[in-house]
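Numbering (the UniProt record's numbering), first residue to last: 1 to 135. Note that CB positions come from ideal geometry on N, CA and C, so glycine has one too.
What follows is the structure, encoded as structure tokens:
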């Protein structure tokens, strides 16, 4: 698949934004056709043992479902949604916004834009404050 290496690069940027304390939000959008699944939102979740994982909220036409994944699991879960049904993944950080897109020819690309958010997510800030992420 032509987009796989580009997606790996994009996912490395997701993890890097967490390690740098700049992560604000990750969203999957722009589906292929009219699907039951409309959006997926990924946010950080602090564990009781002092670590973190990811809360993945899947928004369907009639309900929301939340699941939790480690960073290793999240890569495989997100990969499974590429072109099934999502074409666009948006990473929002305090430094820049990154958009991973797949076109009709299965080519992936990453577009960088000015940041939408001035502050990291509240959970990201709490992780820094608690020393879960050391800057």
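Rounded C-alpha distance that separates residue i from residue j
i: residue 130; j: residue 28; result: 29 Å
i: residue 56; j: residue 70; result: 11 Å
i: residue 87; j: residue 13; result: 18 Å
i: residue 7; j: residue 110; result: 9 Å
Residue i in three-state terms, based on DSSP
i: residue 117; result: coil
i: residue 5; result: helix
i: residue 81; result: coil
i: residue 125; result: helix
i: residue 97; result: strand
Residue i vs residue j beta-carbon contact at 7 Å
i: residue 26; j: residue 98; result: no
i: residue 33; j: residue 128; result: no
Nearest-angstrom beta carbon gap, residue j and residue i [assumed within contact, 8 Å]
i: residue 60; j: residue 38; result: 6 Å
Proximal residues to residue i (C-beta, below 7 Å), its chain only, five neighbours per side dropped
i: residue 136; result: What the structure shows of the chain is the stretch from 1 to 135, and residue 136 is not part of that stretch, so it cannot be assessed.
Own chain, CB closer than 6 Å to residue i, minus 5 neighbours either side, in chain order
i: residue 77; result: 69
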